[in-house]
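*Asks:* Following the numbering used here, the numbering of the sequence shown begins with 14 at its first residue and continues without gaps. Every residue, glycine too, gets a C-beta built ideally from N, C-alpha and C. Here the structure is a predicted model, which means the values were calculated and not measured.
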Amino acid sequence: MANFIIRNLINEDGGAQISDYGAHVMSWTPTGGFPVLWTPAAVPFREGEFIDGGIPVVFPWFNQGFERGRLTDRFPRHGFARTSFWRPAADDVPDPAGPNRLSSDRRMRCTLDSADVPADLLARCTGGFAPGSAFRAAYDVRAGHELAVTLTVRNTGSVPFTFEAALHTYLRVGDATRVRLEGLGNSAYLDATLPGFREPGFPTRTQSHSPVAFTASGVDRVYYASNGLLLRDDAWNRSIAIERTGATQTVVWNPGAERSEWREFVCVESAAIRELAVTLEPGESHALGQTLRTEA
Numbered sequence: 014m015a016n017f018i019i020r021n022l023i024n025e026d027g028g029a030q031i032s033d034y035g036a037h038v039m040s041w042t043p044t045g046g047f048p049v050l051w052t053p054a055a056v057p058f059r060e061g062e063f064i065d066g067g068i069p070v071v072f073p074w075f076n077q078g079f080e081r082g083r084l085t086d087r088f089p090r091h092g093f094a095r096t097s098f099w100r101p102a103a104d105d106v107p108d109p110a111g112p113n114r115l116s117s118d119r120r121m122r123c124t125l126d127s128a129d130v131p132a133d134l135l136a137r138c139t140g141g142f143a144p145g146s147a148f149r150a151a152y153d154v155r156a157g158h159e160l161a162v163t164l165t166v167r168n169t170g171s172v173p174f175t176f177e178a179a180l181h182t183y184l185r186v187g188d189a190t191r192v193r194l195e196g197l198g199n200s201a202y203l204d205a206t207l208p209g210f211r212e213p214g215f216p217t218r219t220q221s222h223s224p225v226a227f228t229a230s231g232v233d234r235v236y237y238a239s240n241g242l243l244l245r246d247d248a249w250n251r252s253i254a255i256e257r258t259g260a261t262q263t264v265v266w267n268p269g270a271e272r273s274e275w276r277e278f279v280c281v282e283s284a285a286i287r288e289l290a291v292t293l294e295p296g297e298s299h300a301l302g303q304t305l306r307t308e309a
């Protein structure tokens, strides 16, 4: 685990763990409650491989990328942010009081500059990362009785910069088959489980009034909605409220029975992807944020 540093945010309202690798929030538990984020029983740390579970930062492309109206075949999936080492801000350094304890017990910030990313990865960005392209990404995490994360991307170059981004949140649940996701009624969505999803012009469907449910068949959808949501978990008798800023879509995913742990989590992702990717002019910035809060 050389170079892999896990930082702890611990206070009277809750605790969270964040890895410098991928700026990855690995856990968050409000005081007196169940863990809210899911991670697998074993989390291997290997450079070049992403960390499973928690909140992976998806940037600067989603899945294999999207350009000129169709999916592309970029690698790695979901971009290079989650397999890059981010730098903690100068005031977010380990406190001598404890291993990897931060000088603040509630928030941290880490950054990723395009100058720190290998050129071959940058060349896979939308538009090929033309001469004059540059960006700075900052990720802010605030943990306590709620968890707030914000990815802010600034165009520090001299030409426009286009990117996709998502906060790929794995929410821990008692039993996915007893979960209901409310707030997406009547929203248009793309169903990635259907044949032809990769083809241009793939049609949208419309969610009924009913909440989104999860079964062994799996769910993989891109909803064209960015309003607040409520995940009701009957198995644990709790709800998770989800508020977003800067998002244009919501990705809802659960692998179904093809993955042994499928009943333990559902993914609800705040996103700006596909044809609604963000384009920044020089000097502009965009913030994609999400706040989680548990309710009885």
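1) Can you have a look at Glu-25 and say buried or exposed, based on whether 16 or more other CB atoms are within 10 angstroms of its CB?
2) List the whole-angstrom C-beta distance separating Trp-249 from Leu-160, where the pair is believed to meet the contact cut-off of C-beta under 8 Å.
3) Mind the definition here: the stretch 225–235 touches the stretch 265–276 only if three or more C-beta pairs lie below 8 Å; say whether that holds.
4) Between Met-14 and the rest of its own chain, which residues show a CB-CB distance below 8 Å, the 5 nearest in sequence each way excluded?
5) Would you mind working out which of Arg-218, Phe-98, Ala-179 and Asp-126 sits nearest Glu-8, comparing C-alpha positions?
6) Taking all protein chains shown into account, decide if Glu-60 is buried (16 or more other Cβ within 10 angstroms of its Cβ) or exposed.
7) May I ask you to list the residues that DSSP assigns as paired with Cys-123?
8) Considering only residues of the same chain and omitting the five flanking positions on each side of Ala-201, which have a CB-CB separation below 6 Å?
9) Could you give the C-beta distance for Phe-148 and Val-166, rounded to a whole number, given that I count them as a contact under 8 Å?
10) How far does the alpha helix (DSSP H) with Leu-134 in it extend, from its first residue to its last?
11) From Asp-129 to Ala-150, what does the alpha carbon distance come to, in whole angstroms?
12) Give a yes or no on contact between the stretch 167–186 and the stretch 277–292, applying the rule of three or more CB pairs nearer than 8 Å.
13) Give the secondary structure of Asp-108 by DSSP, where H, G and I count as helix, E and B as strand, and everything else as coil.
14) Between the beta-carbon of Trp-51 and the beta-carbon of Tyr-183, is there less than 8 Å?
15) Taking the straight line between their C-alpha atoms, what separation do you get for His-91 and Ile-31?
16) Confirm, please, whether the CB-CB distance from Arg-185 to Pro-69 is below 8 Å.
17) Taking the alpha carbon of Cys-280 as the point to measure from, which residue in Ala-260, Pro-43, Leu-180 and Asp-153 has its own alpha carbon closest?
18) Express the C-alpha separation of Phe-278 and Gly-157 in angstroms, rounding to a whole number.
19) Return the CA-CA distance between Asp-33 and Phe-72, expressed in angstroms with no decimal places.
20) Verify whether the separation of the beta carbon atoms of Ala-300 and Gly-241 is less than 8 Å.
*Replies:* Per the coordinate set shown:
1) exposed
2) Wrong, their Cβ atoms sit about 17 Å apart, outside the cutoff.
3) yes
4) Because the pLDDT at Met-14 is just 49, under 50, the model does not fix this residue reliably, and the value given afterwards should be weighed accordingly. These residues qualify, in order along the chain: Phe-58.
5) Not covered by the structure: residue 8. The range shown for the chain is 14 to 309.
6) Exposed is the call here.
7) Beta-bridge pairing by DSSP links Cys-123 to Pro-101 and Tyr-152.
8) Apart from the 5 residues on each side of it in sequence, Ala-201 sits with its Cβ closer than 6 Å to the Cβ of Thr-217, Thr-219 and Tyr-237 in its chain, given in chain order.
9) 6 Å
10) 132–135
11) 11 Å
12) yes
13) At Asp-108, the pLDDT of 49 sits below 50, so the modelled position is not reliable; the number obtained from the coordinates is stated separately. Asp-108: coil per DSSP, three-state reduction.
14) yes
15) 19 Å
16) no
17) Ranking the options by Cα distance to Cys-280, first place goes to Leu-180.
18) 21 Å
19) 15 Å
20) no
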